[in-house]
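When we follow the numbering used here, the leftmost residue of the sequence shown carries the number 275, and every step to the right adds one.
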Amino acid sequence: MTDIAPVSSATGSHNARILPDIQLLCMYEKFSDAFNAAVEKCYPELHQKATITIHNCRLGALPKELRFDAVVSPANSYGRLDGAFDDALARTYGPKNDYEWITRKAQKVLYEKWRGFAPPGTCTIVPLEHQDDAGQSKVEMQHPWNTKYLLLCPTMRIPDLVGWDVEVVYECVWSLLCTIDNHNR
């Protein structure tokens, strides 16, 4: 597996930043404003520790030249990727005429790692290559933005409308950062 968002300088040595570069997708400006206000209040040094670029648009409107190694899904514990942002992921990353592709991909990994149920607050890496069970290329498809991984971070047990649960968001972010760090070792 290749590294997810390694942080290094042009010379190849690691720099002072401790977090990977982050492309933050906020469909509406009110969400990016809330993020910036929270950073200013709770962790004003964040921009010294990480490069965060905010995009106020939908997933499909991101610039084609943008590159990122992984995309985060706020899925449910069973890896059913068909609601809200997960719907956008299914439509963007799966082959045409195979809406369920990304769900099958995620659930296969969840069964291998979690026996099919990833607890809310965890993070699971799902490779996004398009291969059949025999390892042969099944569908030739260029991933948008050269994305190699889906980082599945369940925010709920089953698909449901949820209000903000600050604790599960904290747990997801912590698990996400630890998972990326462990993957890159």
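Even glycine gets a Cβ: it sits at the ideal position worked out from N, Cα and C.
Computed from a prediction, not measured in an experiment: that's the story for all the values here.
Practice prompt. List the whole-angstrom C-beta distance separating Asn-350 from Met-430, where the pair is believed to meet the contact cut-off of C-beta under 8 Å.
Written response: 5 Å
Task: Presumed contact (8 Å Cβ cut-off) between His-404 and Pro-369, rounded CB distance - done: 7 Å
Does the structure place the region 447 to 458 close enough to the region 365 to 380 that three or more beta carbon pairs sit under 8 Å? no
TODO: For Leu-299, I'd like the list of residues in its chain whose CB is within less than 6 Å of its CB, leaving aside the five on either flank, ordered along the chain.
DONE: His-329
ask   = DSSP three-state call for Ile-278: helix, strand or coil?
value = coil
Compare the Cα-Cα distances from Arg-332 to each of Ile-432, Asp-439, Gly-395, Phe-305 and report the closest residue.
Phe-305
Checklist entry - Going by C-alpha distance, which of Ala-362, Ala-312, Pro-318, Cys-316 is nearest Ala-335? => result Ala-362
Review point. Around the Cβ of Thr-453, are there at least 16 other Cβ atoms within 10 angstroms (buried) or fewer (exposed)?
Key: buried
_Rounded C-alpha distance that separates Leu-402 from Ala-311_ = 34 Å
Worksheet item: The beta strand (DSSP E) spanning Ser-347 covers which residue range?
Response: 344 to 347
Pro-393 versus Leu-426, Asp-307, Lys-422, residue with shortest Cα-Cα distance
Leu-426
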